[in-house]
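The structure under discussion appears below in the form of structure tokens.
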Amino acid sequence: MGLKHQAPRGTRDLLPDELPRWQWAEARARGVLAHYGYREIRTPVFEDYELFARTSGEASDIVSKEMYRFKDLGDRDLALRPEFTAGVMRAYLEHSLSGQGRVHRLWSMGPVFRYGRPQKGRYRQFAQLNAELIGSPTPGADVEVIALFVDLFEAWGFTNLTVAVNSLGTPATRRAYGDALRRWLEPVRTELSADSQQRLVTNPMRVLDTKDPKDQEKMHALASAMPRMIDTLDEAGRAHWNGVLEGLTALGIAHEVDHGLVRGLDYYTHTAFEVHDRSLGAQSALGGGGRYDGLIEMLGGPATPGVGFAIGLDRALLVLEERGWAPPAAAGGVYVVAMEATRTLALSLARELRREFAVELDLDARAFGAQMKAAGKSGAHWALILGEDEVKRGEVTLKDLTTGGQTTFPRAQLVATLRAGAPATAERPR
Ligand code: AMP
Numbered sequence: 213m214g215l216k217h218q219a220p221r222g223t224r225d226l227l228p229d230e231l232p233r234w235q236w237a238e239a240r241a242r243g244v245l246a247h248y249g250y251r252e253i254r255t256p257v258f259e260d261y262e263l264f265a266r267t268s269g270e271a272s273d274i275v276s277k278e279m280y281r282f283k284d285l286g287d288r289d290l291a292l293r294p295e296f297t298a299g300v301m302r303a304y305l306e307h308s309l310s311g312q313g314r315v316h317r318l319w320s321m322g323p324v325f326r327y328g329r330p331q332k333g334r335y336r337q338f339a340q341l342n343a344e345l346i347g348s349p350t351p352g353a354d355v356e357v358i359a360l361f362v363d364l365f366e367a368w369g370f371t372n373l374t375v376a377v378n379s380l381g382t383p384a385t386r387r388a389y390g391d392a393l394r395r396w397l398e399p400v401r402t403e404l405s406a407d408s409q410q411r412l413v414t415n416p417m418r419v420l421d422t423k424d425p426k427d428q429e430k431m432h433a434l435a436s437a438m439p440r441m442i443d444t445l446d447e448a449g450r451a452h453w454n455g456v457l458e459g460l461t462a463l464g465i466a467h468e469v470d471h472g473l474v475r476g477l478d479y480y481t482h483t484a485f486e487v488h489d490r491s492l493g494a495q496s497a498l499g500g501g502g503r504y505d506g507l508i509e510m511l512g513g514p515a516t517p518g519v520g521f522a523i524g525l526d527r528a529l530l531v532l533e534e535r536g537w538a539p540p541a542a543a544g545g546v547y548v549v550a551m552e553a554t555r556t557l558a559l560s561l562a563r564e565l566r567r568e569f570a571v572e573l574d575l576d577a578r579a580f581g582a583q584m585k586a587a588g589k590s591g592a593h594w595a596l597i598l599g600e601d602e603v604k605r606g607e608v609t610l611k612d613l614t615t616g617g618q619t620t621f622p623r624a625q626l627v628a629t630l631r632a633g634a635p636a637t638a639e640r641p642r
């Protein structure tokens, strides 16, 4: 019989066996973010379409090809978020956060949506961890954000990350760079894809970001002789760039300058960075970010600098999975083993104990042997055996499944005994 429904193309179900890894990664990330003083913000999964069109740029792939845009029943023009920053900045302005302190450190985690061609490590719904540092124009802010990025990955067990960095300058220097690039690519223009030729007219820098494999090859071959963005920076831009490089070196963060790095969105200024894990093949970017000093003004707010990043959680977790990494097994709690006559007691005892401990029990009135076997497999630390005779005497038996030792004692002492000996709840992996 064919199934009537499957998950929509490009989406996937995360099943209970996979989720401990996600929960572990999320918990570790929350710890790192808290130590850096970042506070969580949750914005809607959909926003006005116009918000994304304005900030990401109409010509960006995200807006022109990948947006989940829809009309609701009230005829509003909406879109599922393809990234976090625009929504976070909208909320920042809408709630006048700028009036509540000069610098804001914010983070968000959740699903984002892009209509791309699905493949390994590339989905239409995927999860991002996003962080923003709003209000500081200094290179130190860029360095902090990059350090946070690296420290998140280190907390997940990654080592030897290298951060690729570039400076995109200001809109004015970028225009000058675009002109230089257009002139420089003129001799090979007709060899480029139609898409790149079009970009060369509308937004030449986007050519560096081409997804066309032949164009990519060509760009790669030309890379060493191509005009470099950092050569077109103005004085302030150059000072900022040098400050960022010095800061990264001082913190011992491995980095390399990638002159072709442009990022996919139009709102970036100055610093742009990206981190790749080559073991992922074509979809190798683990995350990236940069400075977006003009963005808040673009949304009608006061000129406010900002810098941030987005990490692709699906890819980070894919790498951990491929390396065979699993979170430490949660130390188990109690497995209740009941007889026919003690089944009702089992239900009420389980409910009582679940206020404090992780408790499993068999609802199917299986034989004692089958229940003990299930208890052994469950990962529980204790089997709580409710034998008929013991229960009549007001007693219970606790078997330590890790050592095999067991004791029988008054039921009134059960909670105190578990508190003294058993882990209070399924322990969080450290
Ligand atoms: P971006 O802001 O486009 O650089 O996205 C940030 C990160 O999100 C990327 O580096 C990827 O790790 C991840 N990402 C982007 N698009 C997808 C996708 N379609 N599926 C899975 N992860 C993605």
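Counting from 213, one number per residue, gives the positions in the sequence shown under my numbering. Note that beta-carbon positions come from the ideal geometry of N, C-alpha and C, so glycine has one too.
(message) Quick check: does the Cβ of Gly328 come within less than 7 Å of any heavy atom belonging to the ligand AMP?
(response) Here residue 328 is taken as the residue at index 116 of the sequence shown, counted from 1. Yes - the ligand AMP has a heavy atom lying nearer than 7 Å to the Cβ of Gly328.
(message) Closer than 7 Å to a non-hydrogen atom of the ligand AMP - does that hold for the CB of Tyr335?
(response) Here residue 335 refers to the residue found at position 123 of the sequence shown. Indeed, a heavy atom of the ligand AMP lies less than 7 Å from the Cβ.
(request) Per DSSP, which residues does Trp319 bridge with? Please list them. (result) Translated into the one-based positions of the sequence shown, residue 319 becomes position 107. DSSP lists Glu252, Ala343 as partners of Trp319.
(message) Taking its Cβ as the centre, do 16 or more other Cβ atoms sit within 10 Å of Gln312, making it buried, or is it exposed?
(response) As a working note, residue 312 is residue 100 in the sequence shown. With fewer than 16 other Cβ atoms within 10 Å, it is exposed.
(message) Please return the same chain residues whose Cβ sits closer than 8 Å to the Cβ of Glu602, not counting the five positions on each side in sequence.
(response) Here residue 602 is taken as the residue at index 390 of the sequence shown, counted from 1. Answer for Glu602: Val608, Thr609, Thr620, listed in chain order.
(request) Please classify Lys332: is it buried, with 16 or more other beta-carbons within 10 angstroms of its beta-carbon, or exposed? (result) Against the sequence shown, residue 332 aligns to sequence position 120. Exposed, since its Cβ has fewer than 16 Cβ neighbours within 10 Å.
(request) Check Arg334 in the structure and name its three-state DSSP category. (result) Start at 1 with the first residue of the sequence shown, and residue 334 comes out as number 122. In the structure shown, Arg334 sits in a strand (DSSP, three-state: E or B).
(message) Closer than 7 Å to a non-hydrogen atom of the ligand AMP - does that hold for the CB of Asp526?
(response) Locating residue 526 in the sequence shown gives position 314, counting from the first residue. Asp526: yes, Cβ under 7 Å from the ligand AMP.
(request) Verify whether the separation of the beta carbon atoms of Ala219 and Leu525 is less than 8 Å. (result) Within the sequence shown, the letter at position 7 stands for residue 219. Within the sequence shown, the letter at position 313 stands for residue 525. For Ala219 and Leu525, no; Cβs fall outside 8 Å.
(request) May I ask which residues mark the beginning and end of the beta strand (DSSP E) holding His467? (result) Along the sequence shown, one-based indexing puts residue 467 at 255. Its beta strand (DSSP E) spans residues 467–469.
(request) Helix, strand or coil for Phe258, going by three-state DSSP, please let me know. (result) If you number the sequence shown from 1, residue 258 lands on position 46. In the structure shown, Phe258 sits in a strand (DSSP, three-state: E or B).
(message) Less than 8 Å between the C-beta atoms of Arg233 and Leu613, yes or no?
(response) The residue labelled residue 233 in the question sits at position 21 within the sequence shown. The residue labelled residue 613 in the question sits at position 401 within the sequence shown. Against a cut-off of 8 Å, the Cβ pair of Leu613 and Arg233 comes out as no contact.
(message) With three or more C-beta pairs closer than 8 Å as the rule, is the region 483–503 touching the region 249–260?
(response) no
(message) I'd like to know if Val456 contacts chain C, where contact means its C-beta is closer than 8 Å to some C-beta of that chain.
(response) Note that chain C does not occur in the displayed structure, where there is just one protein chain.
(message) As a quick exercise: from Pro540, Leu575, Asp354, Phe569, pick the residue whose alpha carbon is nearest that of Leu557.
(response) Locating residue 557 in the sequence shown gives position 345, counting from the first residue. Measuring from the Cα of Leu557, the nearest candidate turns out to be Leu575.
(request) Classify Pro383 as buried or exposed, calling it buried when 16 or more other Cβ atoms lie within 10 Å of its own Cβ. (result) If you number the sequence shown from 1, residue 383 lands on position 171. So Pro383 ends up on the exposed side.
(message) If you reduce the DSSP assignment to three classes, tell me which class Glu398 lands in.
(response) Taking the sequence shown and counting its residues from 1, the one referred to as residue 398 is at position 186. Helix at Glu398.
(request) Would you check if the distance between the CB atom of Leu445 and the CB atom of Val355 is smaller than 8 Å? (result) Sequence index remark: in the sequence shown, residue 445 carries index 233 (1-based). Sequence index remark: in the sequence shown, residue 355 carries index 143 (1-based). No. Outside cutoff.
(request) Run the proximity test for Phe258: is its beta-carbon closer than 7 Å to any non-hydrogen atom belonging to the ligand AMP? (result) Taking the first residue of the sequence shown as position 1, residue 258 is located at position 46. Because no heavy atom of the ligand AMP lies under 7 Å away, the Cβ of Phe258 does not count as near it: no.
(request) Could you spell out where the alpha helix (DSSP H) holding Leu309 opens and where it closes? (result) Translated into positions along the sequence shown, residue 309 becomes position 97. Note, Leu309: premise wrong, no alpha helix (DSSP H); not H, not E.
(message) Restricting to Cα atoms, I'd like to know which of Val531, Lys430, Tyr304 is closest to Gly513.
(response) The sequence position of residue 513 within the sequence shown is 301, counting from 1. Answer by Cα proximity: Tyr304.
(message) Using only the alpha-carbon positions, how far apart do Pro641 and Gly588 sit?
(response) Here residue 641 refers to the residue found at position 429 when the sequence shown is read from its first residue. Here residue 588 refers to the residue found at position 376 when the sequence shown is read from its first residue. Its pLDDT being 34, under 50, Pro641 is placed unreliably by the model, and the measurement read from it follows with that caveat. Answer to the nearest angstrom: the Cα atoms are 21 Å apart.
(message) So, for Glu600: in the same chain, excluding its five sequence neighbours on each side, which residues have a beta-carbon less than 7 Å away from its beta-carbon?
(response) On the sequence shown, position 388 is the one that residue 600 refers to. Cβ neighbours of Glu600 beyond the five flanking positions: Met551, Ala553, Thr554.
(request) Report, in whole angstroms, the separation of the C-beta atoms of Thr297 and Asn342, which I expect to be a contact under 8 Å. (result) Numbered from its first residue, the sequence shown carries residue 297 at position 85. Numbered from its first residue, the sequence shown carries residue 342 at position 130. Indeed, because the Cβ distance is near 7 Å, the residues count as touching under 8 Å.
(message) Using only the alpha-carbon positions, how far apart do Gly381 and Ile442 sit?
(response) Against the sequence shown, residue 381 aligns to sequence position 169. Against the sequence shown, residue 442 aligns to sequence position 230. Roughly 8 Å separates the two Cα atoms.
(request) Please name the residue in Gly493, Ala353, Glu534 whose C-alpha comes closest to that of Gly455. (result) On the sequence shown, position 243 is the one that residue 455 refers to. If we check each option's Cα against that of Gly455, Ala353 comes out closest.
(request) Please classify Asp273: is it buried, with 16 or more other beta-carbons within 10 angstroms of its beta-carbon, or exposed? (result) Position 61 of the sequence shown, counted from the start, is the residue given in the question as residue 273. Result: buried.
(message) Could you tell me the alpha carbon to alpha carbon distance between Asp289 and His593, rounded to whole angstroms?
(response) Locating residue 289 in the sequence shown gives position 77, where the first residue counts as 1. Locating residue 593 in the sequence shown gives position 381, where the first residue counts as 1. Distance between the alpha carbons of Asp289 and His593 is about 54 Å.
(message) If you measure between the beta carbons of Leu561 and Val549, is that distance less than 8 Å?
(response) Position 349 of the sequence shown, counted from the start, is the residue given in the question as residue 561. Position 337 of the sequence shown, counted from the start, is the residue given in the question as residue 549. The answer is no: Cβ separation not under 8 Å.
(message) On the CB-based measure, 16 or more other CB atoms within 10 Å of its CB, does Thr255 come out buried or exposed?
(response) On the sequence shown, position 43 is the one that residue 255 refers to. With 16 or more other Cβ atoms within 10 Å, it is buried.
(request) Have a look at Gly222, Val300, Glu366 and flag the residue whose alpha-carbon is nearest the alpha-carbon of Met321. (result) By one-based count along the sequence shown, residue 321 stands at place 109. If we check each option's Cα against that of Met321, Val300 comes out closest.
(message) Suppose the cutoff is 6 Å on Cβ atoms and the five residues either side in sequence are ignored; what does the same chain contact list for Gln337 look like?
(response) Stepping through the sequence shown from its first residue, residue 337 is reached at position 125. Around Gln337: Thr223, Pro323, Phe325.
(message) Give me the residue from Ala359, Gly369, Ala291 with the minimum Cα distance to Lys283.
(response) To locate residue 283, count along the sequence shown from 1; it is residue 71. Per the Cα distances, Ala291.
(message) Considering only DSSP beta bridges, list what Phe264 is partnered with.
(response) The residue given as residue 264 occupies position 52 in the sequence shown. According to DSSP, Phe264 bridges with nothing at all.
(request) Taking Tyr335 as the reference, give the member of Leu226, Trp453, Leu532 with the closest Cα. (result) Numbered from its first residue, the sequence shown carries residue 335 at position 123. That would be Leu226, whose Cα lies nearest to the Cα of Tyr335.
(message) Less than 7 Å separating the Cβ of Glu295 from some heavy atom of the ligand AMP?
(response) What you label residue 295 is simply residue 83 of the sequence shown in a count that begins at 1. Glu295 Cβ: within cutoff of the ligand AMP.
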